[in-house]
Amino acid sequence: MPLPDAPACRRNRDPILEVLRVHLAEARQVLEVGSGTGQHAVHFAAAMPWLSWQCSDRAAQLPAIAAWLEHAALANTPAPLELDVARGGWPALRFDAVFSANTLHIMGWDEVEALFVGLGEMLAFAPGPRAAFTLVVYGPFNYAGQYTSDSNRAFDASLRERDPRMGLRDFEAVDALARAAGLELVADIAMPANNRSLVWRAPAA
Ligand SMILES: C[S@@+](CC[C@H](N)C(=O)[O-])C[C@H]1O[C@@H](n2cnc3c(N)ncnc32)[C@H](O)[C@@H]1O
Numbered sequence: 092m093p094l095p096d097a098p099a100c101r102r103n104r105d106p107i108l109e110v111l112r113v114h115l116a117e118a119r120q121v122l123e124v125g126s127g128t129g130q131h132a133v134h135f136a137a138a139m140p141w142l143s144w145q146c147s148d149r150a151a152q153l154p155a156i157a158a159w160l161e162h163a164a165l166a167n168t169p170a171p172l173e174l175d176v177a178r179g180g181w182p183a184l185r186f187d188a189v190f191s192a193n194t195l196h197i198m199g200w201d202e203v204e205a206l207f208v209g210l211g212e213m214l215a216f217a218p219g220p221r222a223a224f225t226l227v228v229y230g231p232f233n234y235a236g237q238y239t240s241d242s243n244r245a246f247d248a249s250l251r252e253r254d255p256r257m258g259l260r261d262f263e264a265v266d267a268l269a270r271a272a273g274l275e276l277v278a279d280i281a282m283p284a285n286n287r288s289l290v291w292r293a294p295a296a
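Just so we're aligned, residue 92 is where the sequence shown starts under the numbering used here, counting upward by one.
Put into structure tokens, the structure is as follows:
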């Protein structure tokens, strides 16, 4: 299969990596939700060899991700897992971090809710003691119901035209879901092109 290319991934991967190097410095097992092409995964896993990067996405994306992983042939990228957050079935493996980029505005709001319910259950029901847990979400967000740029406003309109279930999410609504899942916001970082990196933590339990 030819390697699929998402140009946005090439533009944003290094600024995101700077955030991940800091916030995933202690992480060992990372689950990525909505890995897309798999390009982020190979870039991040190559740069952070201290962790294992587990890709996941809906079934249709898995061949693309597998092609990138096979091409990169890294030791720390296991085969991608099928995970559609709307359908549940989270892997029973133990993860101490979850990363997701550009997914919350593609998922319907009910799927965003399901994502955080799944995360909360993973945290609550993982067997045995668990290390501190980190969630990093990258993408565009609104604050207090306001767009942060004209380009985000235009992007939101194009998403809603494509599918009314899609659209930019309010930071406050997402943070409320994260708090309900047992997570506390520890960083909200401005990124290029009016994106944000949001970082939540849950203490060891
Ligand atoms: C815009 S792409 C982003 C891909 C990649 N993370 C990136 O930043 O380039 C959105 C991704 O979210 C995934 N996605 C959408 N709905 C999902 C769901 N219900 N469960 C898991 N992934 C989902 C899509 O399959 C797609 O790979």
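Even for Gly, the Cβ is constructed at its ideal location relative to N, Cα and C.
Hey, could you find the ends of the beta strand (DSSP E) I280 is sitting in?
-> Here residue 280 corresponds to residue number 189 of the sequence shown, with the count starting at 1. Residues 275 to 282.
Does the beta carbon of E252 fall short of 7 Å from some heavy atom of ligand 1?
-> Translated into positions along the sequence shown, residue 252 becomes position 161. It does not: the Cβ of E252 is nowhere closer than 7 Å to a heavy atom of ligand 1.
By Cβ distance below 8 Å, which residues in the same chain neighbour S240 in space, the five residues on each side in sequence not counted?
-> Residue numbering aside, residue 240 sits at position 149 when the sequence shown is read from its first letter. Cβ neighbours of S240 beyond the five flanking positions: N285.
Alpha-carbon spacing of A151 relative to G273, whole angstroms = Start at 1 with the first residue of the sequence shown, and residue 151 comes out as number 60. Start at 1 with the first residue of the sequence shown, and residue 273 comes out as number 182. A151 and G273: Cα-Cα distance of roughly 31 Å.
Spatial neighbours of E173 within its chain, please: CB distance less than 8 Å, with the 5 preceding and 5 following residues excluded, ordered by chain position.
-> Locating residue 173 in the sequence shown gives position 82, counting from the first residue. Taken in chain order, the residues that qualify are S147, D148, R149, A150, L153, G180.
Which residues mark the beginning and the end of the alpha helix (DSSP H) in which W181 is found?
-> Along the sequence shown, read from residue 1 onward, the residue named residue 181 stands at position 90. Neither: W181 is in no alpha helix (DSSP H) and is coded neither H nor E.
Measuring from the CB of G125, is there a heavy atom of ligand 1 at a distance below 7 Å?
-> Taking the first residue of the sequence shown as 1, we reach residue 125 at position 34. Yes, Cβ of G125 sits closer than 7 Å to a heavy atom of ligand 1.
Report the residue ranges of all beta strand (DSSP E) runs contained in full by the region 215 to 261; include only those spanning at least 3 residues, in chain order.
-> 224 to 230
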